[in-house]
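Chemist:
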Amino acid sequence: MKVGVIGAGIGGLAVALRLAAKGHHVTVYEKNSKPGGKISEFRVNGYRFDTGPSLFTLPELTKELFDICGESIDEWIPYESLPTNCKYFFPDGTVFNFYQDKEQLTEEINTKTKDSIEDLQKRLDKSEEVYNLSAPVFLFRPFARKLSDFNTPPYKKIAKKLFKLDFFRTMNQANKKDFSDENLIQLFNRYATYNGSDPHKAPATLNMIAHLENNIGAYFPLKGMYSIADSLYRLALLKGVEFCFDSPVSRIITENKKATGITIHNRKELYDVVVSDVDVRYVANNMIENYPLKKRLNKGEPSSSAMIFYWGINRTFDNLELHNILFSGDYKDEFRKIFKEKTVSKDPTVYIFISSKLVKEDAPVGCENWFVMINVPSNSGQYNKEMTARIRKRIIAKINQELDTDIEKYIEEEKIACPVAIEAATNSVDGALYGISSNSMFSAFLRHPNSLKKIRNLYFTGGSVHPGGGIPLCLANAKIVDDLIAEDYE
Ligand SMILES: Cc1cc2nc3c(=O)[nH]c(=O)nc-3n(C[C@H](O)[C@H](O)[C@H](O)COP(=O)(O)OP(=O)(O)OC[C@H]3O[C@@H](n4cnc5c(N)ncnc54)[C@H](O)[C@@H]3O)c2cc1C
Numbered sequence: 005m006k007v008g009v010i011g012a013g014i015g016g017l018a019v020a021l022r023l024a025a026k027g028h029h030v031t032v033y034e035k036n037s038k039p040g041g042k043i044s045e046f047r048v049n050g051y052r053f054d055t056g057p058s059l060f061t062l063p064e065l066t067k068e069l070f071d072i073c074g075e076s077i078d079e080w081i082p083y084e085s086l087p088t089n090c091k092y093f094f095p096d097g098t099v100f101n102f103y104q105d106k107e108q109l110t111e112e113i114n115t116k117t118k119d120s121i122e123d124l125q126k127r128l129d130k131s132e133e134v135y136n137l138s139a140p141v142f143l144f145r146p147f148a149r150k151l152s153d154f155n156t157p158p159y160k161k162i163a164k165k166l167f168k169l170d171f172f173r174t175m176n177q178a179n180k181k182d183f184s185d186e187n188l189i190q191l192f193n194r195y196a197t198y199n200g201s202d203p204h205k206a207p208a209t210l211n212m213i214a215h216l217e218n219n220i221g222a223y224f225p226l227k228g229m230y231s232i233a234d235s236l237y238r239l240a241l242l243k244g245v246e247f248c249f250d251s252p253v254s255r256i257i258t259e260n261k262k263a264t265g266i267t268i269h270n271r272k273e274l275y276d277v278v279v280s281d282v283d284v285r286y287v288a289n290n291m292i293e294n295y296p297l298k299k300r301l302n303k304g305e306p307s308s309s310a311m312i313f314y315w316g317i318n319r320t321f322d323n324l325e326l327h328n329i330l331f332s333g334d335y336k337d338e339f340r341k342i343f344k345e346k347t348v349s350k351d352p353t354v355y356i357f358i359s360s361k362l363v364k365e366d367a368p369v370g371c372e373n374w375f376v377m378i379n380v381p382s383n384s385g386q387y388n389k390e391m392t393a394r395i396r397k398r399i400i401a402k403i404n405q406e407l408d409t410d411i412e413k414y415i416e417e418e419k420i421a422c423p424v425a426i427e428a429a430t431n432s433v434d435g436a437l438y439g440i441s442s443n444s445m446f447s448a449f450l451r452h453p454n455s456l457k458k459i460r461n462l463y464f465t466g467g468s469v470h471p472g473g474g475i476p477l478c479l480a481n482a483k484i485v486d487d488l489i490a491e492d493y494e
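If you want the numbering used here, it's the position in the sequence shown, counting the first as 1, plus 4.
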């Protein structure tokens with residue numbers, strides 16, 4: 005078949021590869037001049053910065069793409085397991101290393117928290133159980149398309165254990181039950197931010213995210229995060245995928261409830277199948293007239309966005325790891341500000357990611373490349389230079405206090421990204437990183453499906469559609485799209 009893919013984000017790249025490996029003729033249209041979408045990089049004066057994702061989990065999903073092409077991931081994207089998943093700095097002065105090594109972690113839990121390693125293991129076992137139960141039904145399959153789907157083994161299995169999925173409590177309620185240590189509650193609540201949500205509203209089902217990072221492990225590619233997108237792109241080229249860069253698709257052509265092609269630079273290109281990796285709210289509002297789910301999409305609460313400061317730091321900090329979190333003193337207020345008041349807390353949680361800790365070439369000798377990020381509301385017109393300056397000041401004050409330094413002295417390169425820039429770069433509406441938030445127990449069911457009855461031949465991948473955002477879930481929905489196309493046409 006002739007397949008047109010719109011967008012070369014991780015979802016678009018993965019679908020293109022999967023379909024090309026099956027012998028389909030695939031063309032990818034990308035509005036930017038390079039692949040990757042939110043996975044991107046830039047270089048300046050000896051520094052290299054990954055601009056988007058920094059955490060690599062479930063690497064076997066990426067490996068599968070190399071396997072189906074008969075290639076070895078180790079040759080394309082060598083990666084390592086991290087000894088410390090993340091280093092946490094709490095406002096009470098506790099500094100907690102989430103080691104992967106069980107002995108070291110036990111020591112850390114025993115000496116720095118009120119809970120025991122057994123309490124922690126119990127929480128992680130529960131997270132694993134929820135993941136194992138829900139993954140085959142909710143993460144790696146499309147929403148049920150017909151009634152008979154509910155009569156298949158994965159649905160039957162889950163029907164008997166629905167209560168175990170923990171839909172009815174929030175993440176915070178579950179974590180408060182499992183831990184007595186306020187710091188551990190905050191640490192586990194943080195996983196809600198991995199899909200842009202509020203742990204005081206998101207269902208406890210999402211505690212499964214902790215399983216991915218802490219049971220399976222946190223990893224990092226030895227050539228940086230961008231090497232994931234770049235390698236998939238180069239592999240796709242090898243498999244015969246054609247890429248058209250600087251090619252913004254303006255319309256998806258539909259006729260008689262079918263997608264028949266796309267419009268690009270006022271030219272029509274016809275396809276048997278069209279796959280969109282574009283934020284589906286953007287598609288609904290701009291690319292298809294009278295889009296069936298437009299109202300519902302525009303009603304959904306957007307996930308959070310990010311403000312990121314990329315700093316070239318002309319010294320090293322031995323007390324920092326690859327991933328570091330400086331926690332807010334009032335986490336609940338931080339989320340209330342983001343989702344209710346659409347503003348930023350005076351004391352935001354600050355994430356510092358330093359790839360040069362592992363990838364030495366990412367910074368000049370004796371220097372470090374800091375990616376300093378806070379969670380912020382999606383754009384509703386509130387961002388301007390003054391707000392950015394205010395936020396920068398708060399972040400600097402927090403870093404100085406926690407690390408006992410004067411960080412501004414060491415910043416020799418700086419670039420700033422905010423929701424407005426994220427939207428401009430990727431067409432993610434309002435700069436929301438993960439489409440709609442998961443701030444209700446029904447949100448998993450409100451995500452946009454991967455195909456529609458009302459528009460045949462059109463499929464959806466990427467972070468704004470089922471099952472959600474983040475690299476692993478985009479790879480999951482790329483596989484779902486591949487399976488749906490096989491089911492519909494083969
Ligand atoms: C700051 C930040 C930090 C993150 N941290 C993590 C993390 O640590 N771990 C993790 O797993 N995930 C993380 N994420 C989320 C992750 O990056 C995304 O979920 C994922 O990369 C989204 O991929 P996608 O397939 O939806 O495509 P996107 O990356 O959204 O790309 C869509 C592509 O479509 C193109 N496009 C849009 N409209 C058109 C058009 N009309 N015509 C042609 N092309 C078009 C865009 O230019 C873009 O290249 C982070 C994201 C950001 C921004």
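Think of the CB as a built atom: it goes at the ideal place given N, C-alpha and C, for glycine as much as any other residue.
For residue 253, is the beta carbon positioned less than 7 Å from some heavy atom of ligand 1?
Modeler: Yes; taking the cut-off as 7 Å, the Cβ of residue 253 has a heavy atom of ligand 1 nearer than that.
Chemist: Tell me whether residue 293, by its Cβ, gets closer than 7 Å to a heavy atom of ligand 1.
Modeler: No; taking the cut-off as 7 Å, the Cβ of residue 293 has no heavy atom of ligand 1 nearer than that.
Chemist: Sorry if obvious, but does the Cβ on residue 34 come closer than 7 Å to a heavy atom of ligand 1?
Modeler: Yes, the Cβ of residue 34 comes within 7 Å of a heavy atom of ligand 1.
Chemist: What are the partner residues of residue 272, as DSSP defines its beta bridges?
Modeler: Partner(s): 267.
Chemist: Please look up how many angstroms separate the CB atoms of residue 464 and residue 376, rounded, as I've assumed it's under 8 Å.
Modeler: Incorrect: roughly 33 Å between the Cβ atoms, too far for contact.
Chemist: Is it true that the CB of residue 480 sits closer than 8 Å to the CB of residue 143?
Modeler: Yes. Within cutoff.
Chemist: Per DSSP, what kind of secondary structure is residue 140 in: helix, strand or coil?
Modeler: DSSP places residue 140 in helix when its eight states are reduced to three.
Chemist: Can we count residue 476 as close to ligand 1, meaning its CB is less than 7 Å from some heavy atom?
Modeler: Correct: residue 476 has its Cβ closer than 7 Å to ligand 1.
Chemist: Under the three-state reduction of DSSP, which class applies to residue 28: helix, strand or coil?
Modeler: Here residue 28 sits in coil by DSSP.
Chemist: Would you tell me roughly how many angstroms separate the C-alpha atoms of residue 89 and residue 230, rounded to the nearest one?
Modeler: Looking at the two C-alpha atoms, the distance is approximately 19 Å.
Chemist: Could you check if residue 32 is buried or exposed, using at least 16 other CB atoms within 10 Å of its CB as the buried criterion?
Modeler: Under this definition residue 32 is a buried residue.
Chemist: Inspect the CB distances between the stretch 419 to 437 and the stretch 108 to 120 and report whether three or more fall short of 8 Å.
Modeler: They do not touch, by the three-pair rule.
Chemist: Counting beta carbon pairs with one atom in the stretch 241 to 254 and one in the stretch 437 to 445, are three or more of them shorter than 8 Å?
Modeler: Because the criterion of three Cβ pairs below 8 Å is not met, the stretch 437 to 445 and the stretch 241 to 254 do not touch.
Chemist: State the beta-bridge partners of residue 4 as determined by DSSP.
Modeler: It is not possible to answer for residue 4, since the shown part of the chain is limited to 5 through 494.
Chemist: Considering just the uninterrupted stretch of the beta strand (DSSP E) at residue 354, what are its terminal residues?
Modeler: Looking at the DSSP string, the run of the beta strand (DSSP E) that includes residue 354 is 354 to 358.
Chemist: Return the chain-ordered list of same chain residues with a C-beta closer than 6 Å to the C-beta of residue 207, the five sequence neighbours on each side being excluded.
Modeler: Within the same chain, residue 207 has close Cβ partners 171, 445.
Chemist: Nearest-angstrom Cα distance between residue 405 and residue 448?
Modeler: Approximately 39 Å between the Cα atoms of the pair.
Chemist: Tell me the DSSP secondary structure of residue 339 in three-state form.
Modeler: Looking at residue 339 - three-state DSSP - the assignment turns out to be helix.
Chemist: Give me the residue from 455, 319, 133 with the minimum Cα distance to residue 410.
Modeler: Residue 410 has its Cα closest to that of 319, out of 455, 319, 133.
Chemist: Nearest to residue 233 by alpha carbon, out of 11, 461, 86?
Modeler: Looking at the Cα atoms, 11 is the closest of the given residues.
Chemist: What does residue 463 pair with, by DSSP beta-bridge criteria?
Modeler: Answer is 279, 455.
Chemist: Please list the terminal residues of the continuous beta strand (DSSP E) segment that includes residue 376.
Modeler: It spans 372 to 380 - the beta strand (DSSP E) in which residue 376 sits, taken as one unbroken run.
Chemist: Here's the rule I'm using: 16 or more other beta-carbon atoms within 10 Å means buried, otherwise exposed. How should residue 193 be labelled?
Modeler: By the neighbour-count rule (16 or more Cβ atoms within 10 Å), residue 193 is buried.
Chemist: Rounded to whole angstroms, what's the CA-CA distance from residue 162 to residue 380? Just pull it up for me.
Modeler: Each residue's alpha carbon lies about 35 Å from the other.
Chemist: Specify whether the stretch 51 to 62 and the stretch 273 to 280 touch according to this definition: at least 3 beta carbon pairs, one from each stretch, less than 8 Å apart.
Modeler: No, the stretch 51 to 62 does not touch the stretch 273 to 280.
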